[in-house]
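Chemist: Numbering of the sequence shown is given in the numbering used here, commencing with residue 433 and proceeding in unit increments. Provided herewith is a single structure, encoded as structure tokens, for subsequent inquiry.
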Amino acid sequence: MKKTVLSAIVTFVCVAVSLPLMAQLSWTADNGNGTFTNPLFYDEFSDPDILRVGDDFYLAGTTMHSVPGLVILHSRDLVNWENVSYCFDRFDFDDPAFSLTDHHEIYGQGVWAPCIRHANGKFYLYTNVNGKGLQCYISEKIEGPWKHVNMQGRIYDLSVLFDDDGKIYAIHGYGEVKCTELKPDMSGPIEETERTIIPEGNGVGEGHHMYKIDDMYYLISTDYRPNGRTLCSRSKSIWGPYETRVITADETFGYHAASLTQWKGRIVDDGTKFGIPPVDKDATACTNIHQGGIVQAQDGSWWALLMMDFHSLGRTTTLAPITWKDGWPMLGLPGNLGRAPRTWMKPNVAEQVVPHAPYQRNEDFNGKKLGRVWQWNHNPNDKMWSLKNGKLRLNTMPAEQLMWARNTLTQRAIGPTSITTVELEVKNLKDGDVAGLGNINVPCSWIGVVKDGKELTLRCFQQVDNDTLDAQVSLPKGKIWLRLVGQFDQDRAHYEYSTDGTTFQQMGREMTLSYQLVTFQGARVSLFAFNKNGRNGGYAEFDNFVVEEPAADRSKNIPYELTFRIVNLATGLPMHATTHGVVHDIDARNSSPQTRFHLIDCGGGKVKLQCEDGRYVMVSGDGLPGDVRMTNDVNKAEVFLWQDYLNREFMLMSFDRHVYVGKSPTTGSPYSMDFKGADPARRNGAVFRWEPVN
């Protein structure tokens, strides 16, 4: 692999005809115009490790206690992905905790921080499983079948390097980084080879990803104290000594840290008291992009796929360009290293890929197998569920509450907004049975039907405050529709129900959602059935599972063909193209032509900004305050790459300078072109909201 500086020579002509983004029904990073917008997935994909083999990219991620486990995605362009494999259908350890039996569980454990490699014509996936040691899965094909080898040992959160001399190394540890040689047959580590290669005290963390590039060893790692940062350590020898630099920090894409669930005790029973403290909107914590791998595309460009803690959705994956500087793989673009654009140009690969979402989330249960998006909460009892007559049948087994319910089928909740609806048939429930739609998070919640004797009760339960709400419903056809409405960027959700499939009404209060370190997963939409009376009961049948994503269609997020005002989120004041020539702000009540703008479309998300009085926004000099000015010459107008932050919020990044237009909310200075990016609260003066003008 060779280092090349990411560069592009782009020729374009600004036109007045709008070239809208491609409409999508499910979140797709590909905008359909040669650009992509982060995150790659608007649902959880944590601890990403990236690999390229020929023209194919493979991405492995953490699946914790869920099965099938060890997920692998495939892409031809780093932007559009699809699920092609899991390494196993169920945990094969002889331990009741993996099957959620006898009051044993592995919440927050199982598969985490995998490493994917290809050597000797085979694919290798490494991961730690708590209490079971280092695991390796081997296959000649990415689709499997996979051979499982328990390597045991105390190596975790590792990276593996197949070196040129045939030796295989595992790099692992937090702070004090160690290197251990592995046996060629993957039967275990060669313990006597273990050495410390980076001693404690160098600010290096964990989540290692080791590469050999141009005879230099590069170790990408992350540190989370006091907040998330990605570092690179390099050496001419695998054994060191290493020098270390930070290669990205503070890139949150304008998202603040989520509230973190506070709780007492290991297990999560109904009576557990939880606390969800107020969020510090100015805090970065681990919301910034950190931990992940790097890869070189076919065109020589380098890219980083890093995760970020993404509110109650959990940890999701982002794509960022890399610029090599003085032998260091710095995230970002020349002029703004260490930060990353939310929207940027796709890798230049030969194959033209039609934009598509990685998963088919909707499910009518008519097939012989479940869709790839589904996972079970722990190992299921395969004798107690089935696909019959176009429906999912879940037989009930004893459980005190949702978090103990076996055979609970889940998929990751998707943001920023989603509406999940499922049809539930309850005719075959027996005394003590509970079935419905829930969110497996900590705290958990659900809406469902409870059968006591011959009576059916609709119940909504929220574990955050141990709140139970019951309602009597008439179900003459034995059928009810349940719905979860999630506003995940705001960490809010509520439940609804319908007795006719058309008219829905809310049940229970609006819930506060949070991230948590009990399960180490984000919100998971769940179909469940259990018996609260301690015995096997009847069964529930589910049909027509539908996920609607109102914000997935971003085709109208850029206001082409509209006249609009640009309001700075930090000041609440509209941008004003002064007659003096500089760009400032003005009283919000002012509606003069100098506060009205429209776009000149330059294609591919690139725009020029024109004031209603005919002048254009330009940038002169170094972009200091006062350098953002107005010109009558369209050829001198600055070309911006529109950064869509959803809900009419956006940033304007200079396509050539790679920095952003902004205005300090405190100094009184006019606009400048020297902002590095958004702060977590979006109030540093670089994030705007557009308002249409009639």
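Every residue, glycine too, gets a C-beta built ideally from N, C-alpha and C.
Is it buried or exposed for W671, if we count other Cβ within 10 angstroms and need 16 for buried?
Modeler: Label assigned to W671: exposed.
Chemist: Expressed to the nearest angstrom, what Euclidean distance is found between the alpha-carbon atoms of I754 and K610?
Modeler: Rounded to whole angstroms, I754 to K610 spans 26 Å at the Cα level.
Chemist: Where does G748 sit, in a helix, a strand or coil, going by DSSP?
Modeler: Looking at the sequence itself, residue 748 is Thr, so the reference to Gly does not match. Residue state, collapsed to three classes: strand.
Chemist: What are the boundary residues of the beta strand (DSSP E) that includes Q723?
Modeler: Element bounds for Q723: 722-728.
Chemist: Looking at the C-beta of G464, does it have a partner C-beta in chain D at a distance below 8 Å?
Modeler: Going by chain labels, chain D is absent from the structure shown, which holds only one protein chain.
Chemist: Taking the alpha carbon of I879 as the reference point, which residue from K579, Q833, K909, L769 has its own alpha carbon closest?
Modeler: Nearest option by C-alpha distance: Q833.
Chemist: Measure the C-alpha to C-alpha separation of A736 and W836 and round it to an integer number of angstroms.
Modeler: One C-alpha to the other measures close to 38 Å.
Chemist: What does the alpha-carbon distance come out to for the pair K564 and H722?
Modeler: Those two C-alpha atoms are separated by around 27 Å.
Chemist: Quick one, which of P766, I504, I990, I846 has its alpha-carbon nearest F1120's?
Modeler: For F1120, the nearest C-alpha among the options comes from I990.
Chemist: So what's D702 in DSSP terms, helix, strand or just coil?
Modeler: Low local confidence applies: a pLDDT of 49 at D702 is under 50, so the model's placement there is unreliable, and no value is given.
Chemist: With three or more beta-carbon pairs closer than 8 Å as the criterion, would you say the region 842-853 touches the region 813-824?
Modeler: With the cut-off at 8 Å, the region 842-853 and the region 813-824 do not touch.
Chemist: Output the distance between the C-alpha atoms of L914 and E980, rounded to the nearest integer angstrom.
Modeler: C-alpha separation (whole angstroms): 14 Å.
Chemist: Could you say if the region 671-682 and the region 625-645 meet the contact criterion of at least three C-beta pairs nearer than 8 Å?
Modeler: With the cut-off at 8 Å, the region 671-682 and the region 625-645 touch.
Chemist: If you count every other CB in all the chains shown that lies within 10 Å of the CB of V700, and 16 or more means buried, which is it?
Modeler: In this prediction, V700 scores a pLDDT of 49, lower than 50, which makes its location untrustworthy; the coordinate-derived value is nonetheless stated afterwards. Result: buried.
Chemist: Count the other CB atoms, across all protein chains shown, that sit within 10 Å of the CB of R698; report buried if there are 16 or more and exposed otherwise.
Modeler: Its pLDDT being 49, under 50, R698 is placed unreliably in this model, and the value from its coordinates should be taken loosely. Exposed, by the Cβ-count rule.
Chemist: State the DSSP-derived secondary structure class of S690, mapped to helix, strand or coil.
Modeler: A small fix is needed here, since residue 690 is Ala in this sequence, not Ser. Reduced to three states, the DSSP call for A690 is coil.
Chemist: Is it true that the CB of L826 sits closer than 8 Å to the CB of A972?
Modeler: In this structure, L826 lies closer than 8 Å to A972 by Cβ.
Chemist: Which class does M835 belong to by DSSP, given the choice of helix, strand or coil?
Modeler: Three-state DSSP puts M835 in a helix.
Chemist: Is the region 716-731 close to the region 651-669, with three or more CB pairs under 8 Å?
Modeler: With a cut-off of 8 Å, the region 651-669 and the region 716-731 count as touching, because enough Cβ pairs lie within range.
Chemist: Am I right that G940 and V858 are in contact with their C-beta atoms under 8 Å? What's the rounded C-beta distance?
Modeler: Between V858 and G940 the Cβ distance is about 19 Å, and since that is not below 8 Å, they are no contact.
Chemist: Rank V543, A1110, R1114 by C-alpha distance to the C-alpha of R771 and give the top, closest one.
Modeler: The shortest C-alpha separation from R771 is found at A1110.
Chemist: Would you mind stating whether F520 and N811 have Cβ atoms separated by less than 8 Å?
Modeler: No, these two residues do not count as a Cβ contact at 8 Å.
Chemist: Does the region 994-1011 touch the region 874-890, meaning 3 or more C-beta pairs lie closer than 8 Å?
Modeler: Contact between the region 874-890 and the region 994-1011 is absent, because fewer than three Cβ pairs lie under 8 Å.
Chemist: Please work out which residues of its chain come closer than 6 Å, Cβ to Cβ, to N562, disregarding the five sequence neighbours upstream and downstream, and give them in chain order.
Modeler: These residues qualify, in order along the chain: Q541.
Chemist: Use the C-beta contact count for S691: other C-beta atoms within 10 angstroms, 16 or more gives buried, fewer gives exposed.
Modeler: Buried, since its Cβ has 16 or more Cβ neighbours within 10 Å.
Chemist: What residues are listed by DSSP as bridge partners for N556?
Modeler: Looking at the sequence provided, one finds Tyr at residue 556 rather than Asn. Its beta-bridge partners are R549, I570.
Chemist: Where are the beta strand (DSSP E) runs, 3 residues long or more, that stay fully inside the region 800-851, in chain order?
Modeler: Counting whole runs of 3 or more residues, the region 800-851 contains the beta strand (DSSP E) stretches 807-809, 817-820, 823-827, 841-844.
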